[in-house]
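Q: Under this note's numbering, the first residue of the sequence shown carries the number 8, and numbering increases by one thereafter. Quick one: the structure is below, and I'll ask about it shortly.
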Amino acid sequence: MRRAKGCPAAATPRLGLRVVLPGRVRSRRVVQVVVERPGEFIPRCFWLLTSMSSEEMSGDDLLALQHRRGKAEGHLGELMSVVSPALSSTSRRKFAHPGGS
Numbered sequence: 008m009r010r011a012k013g014c015p016a017a018a019t020p021r022l023g024l025r026v027v028l029p030g031r032v033r034s035r036r037v038v039q040v041v042v043e044r045p046g047e048f049i050p051r052c053f054w055l056l057t058s059m060s061s062e063e064m065s066g067d068d069l070l071a072l073q074h075r076r077g078k079a080e081g082h083l084g085e086l087m088s089v090v091s092p093a094l095s096s097t098s099r100r101k102f103a104h105p106g107g108s
């Protein structure tokens, strides 16, 4: 089965490790996600770092959660770029109140 032209590349969780970082008490799970794109010889990859074990959430579910979080953060960023000019305070001159210090 092939993806339609313009569809995002398939991302596949490939490797999961438990590591303890210096200065940390709890271990973390590191998941490598590989994105294979048609026409590219070397696949792209990125890493997800989480405190959830593989029993709590599979690599595929973790990747889906990350995509949903990223999409929600993108929408929030768009909203803030529209709303922030209306909510921002204007620059006003500072002045001393009578009787204040």
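Note that the Cβ used here is the ideal one computed from N, Cα and C, for glycine as well.
#1: Within the same chain, show all residues whose beta-carbon is closer than 7 angstroms to that of arginine 33, passing over the 5 residues directly before and after it, in chain order.
#2: If we call anything under 8 angstroms between Cβ atoms a contact, is leucine 70 one with valine 40?
#3: Mind checking arginine 25: buried by the 16 CB within 10 Å criterion, or exposed?
#4: Quick one: Cα of glycine 66 to Cα of leucine 56, how far?
#5: Can you tell me whether arginine 31 is helix, strand or coil according to DSSP?
#6: Under 7 angstroms Cβ to Cβ from glutamine 73, same chain only, skipping five residues before and after it: list those, please.
#7: Provide the residue span of the beta strand (DSSP E) that contains arginine 44, from first to last.
#8: Ignore the nearest five residues each way along the sequence and tell me which others in leucine 28's own chain have a CB closer than 8 angstroms to its CB.
#9: So, at 6 angstroms on beta carbons, what are the nonlocal neighbours of proline 105 in its own chain, with the 5 sequence-adjacent residues on each side left out?
#10: Are the beta-carbon atoms of serine 61 and glycine 23 separated by less than 8 angstroms?
A: According to the data block:
#1: Ser58
#2: yes
#3: exposed
#4: 11 angstroms
#5: coil
#6: Leu55
#7: Looking at the DSSP string, arginine 44 is not in any beta strand (DSSP E), and its letter there is neither H nor E.
#8: Arg35
#9: none
#10: yes
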